[in-house]
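What follows is a single structure, written as structure tokens, with notes after it.
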Amino acid sequence: MRPELNQEYLRTILTYDPESGHFKWNFNKGARNKSPYAGTLTSYGYIKILIDQKQYFAHRLAWLYVHGHWPEGFIDHINGDKADNRLINLREAKREENCRNVSLKSTNTSGYVGIFLDKRNGTWRAQITVSRKQIVLGYFHSKIEAVRAFNAGASIHHGDYAVRKIQHNEEMLMKEFGHL
2 MRPELNQEYL RTILTYDPES GHFKWNFNKG ARNKSPYAGT LTSYGYIKIL IDQKQYFAHR
62 LAWLYVHGHW PEGFIDHING DKADNRLINL REAKREENCR NVSLKSTNTS GYVGIFLDKR
122 NGTWRAQITV SRKQIVLGYF HSKIEAVRAF NAGASIHHGD YAVRKIQHNE EMLMKEFGHL
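So for the sequence shown, our numbering puts the first residue at 2; every next one is plus one.
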């Protein structure tokens, strides 16, 4: 019987570099595996590593490798890059916190996070999700006003998990209007 995957066993088979976020095998995997790095990129953008016939997410293995225990909740990639497993880019998060740090939805038509055109009255609606509930922050005649309302609400309700969304919205304002 193989040992349970714990920090001690993990460190006997893999070496993790917290600066690069890469794992390397501590032994030769044979002629078929030419890469020194462990893991493969999934279609969802995560790196998975096969250990003893079981798949593990590299970001969860990184947490175990460094901290000595499995994360209790989710591991959030702070910069949104699911393949960036540098320790500085990983943080433990609850489900709701992890959902706050997502990228722009594919159905978005405004180009801004949390901003929607209300076709009935031609105004821009700023909207945010808090505790799985949609909260309308207001209706605005100007897209800039709506974006500012969303960014303020996201900062208050989502804190550090809103940084990427706010940065995205600010960059979009610069592209579209040339100022903030």
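Idealized CB from N, CA, C, for every residue including glycine.
If you reduce the DSSP assignment to three classes, tell me which class residue i lands in.
i, result
"residue 64", "helix"
"residue 159", "helix"
"residue 16", "strand"
"residue 55", "strand"
"residue 49", "strand"
"residue 174", "helix"
For residue i, list the residues DSSP reports as bridge partners.
i, result
"residue 78", "91"
"residue 128", "137"
"residue 119", "124"
"residue 26", "15"
"residue 10", "DSSP output for residue 10 lists no bridge partner at all."
"residue 38", "25"
Should residue i go down as buried or exposed, given a rule of 16 or more other Cβ atoms within 10 Å for buried?
i, result
"residue 141", "buried"
"residue 148", "buried"
"residue 77", "buried"
"residue 28", "exposed"
"residue 9", "exposed"
"residue 70", "exposed"
"residue 157", "exposed"
"residue 74", "exposed"
"residue 15", "buried"
Expressed to the nearest angstrom, what Euclidean distance is found between the alpha-carbon atoms of residue i and residue j?
i, j, result
"residue 20", "residue 89", "8 Å"
"residue 30", "residue 92", "30 Å"
"residue 85", "residue 64", "13 Å"
"residue 119", "residue 164", "26 Å"
"residue 53", "residue 121", "57 Å"
"residue 113", "residue 139", "15 Å"
"residue 129", "residue 179", "25 Å"
"residue 104", "residue 159", "14 Å"
"residue 87", "residue 176", "30 Å"
"residue 146", "residue 126", "10 Å"
"residue 80", "residue 132", "22 Å"
"residue 60", "residue 123", "44 Å"
"residue 35", "residue 107", "36 Å"
"residue 117", "residue 161", "23 Å"
"residue 82", "residue 134", "26 Å"
"residue 25", "residue 11", "11 Å"
* To do: Would you check if the segment 167-175 and the segment 149-159 touch, i.e. whether three or more CB-CB distances between them fall below 8 Å?
  => Contact between the segment 149-159 and the segment 167-175 is present, with at least three C-beta pairs closer than 8 Å.
* Answer yes if the segment 46-54 comes into contact with the segment 96-105, meaning at least three C-beta pairs across the two stretches below 8 Å, and no otherwise. => The answer is no - the segment 46-54 does not touch the segment 96-105, with fewer than three Cβ pairs under 8 Å.
* To do: Please determine if the segment 65-85 and the segment 11-19 are in contact, where contact requires at least 3 C-beta pairs separated by less than 8 Å.
  => With a cut-off of 8 Å, the segment 11-19 and the segment 65-85 count as touching, because enough Cβ pairs lie within range.
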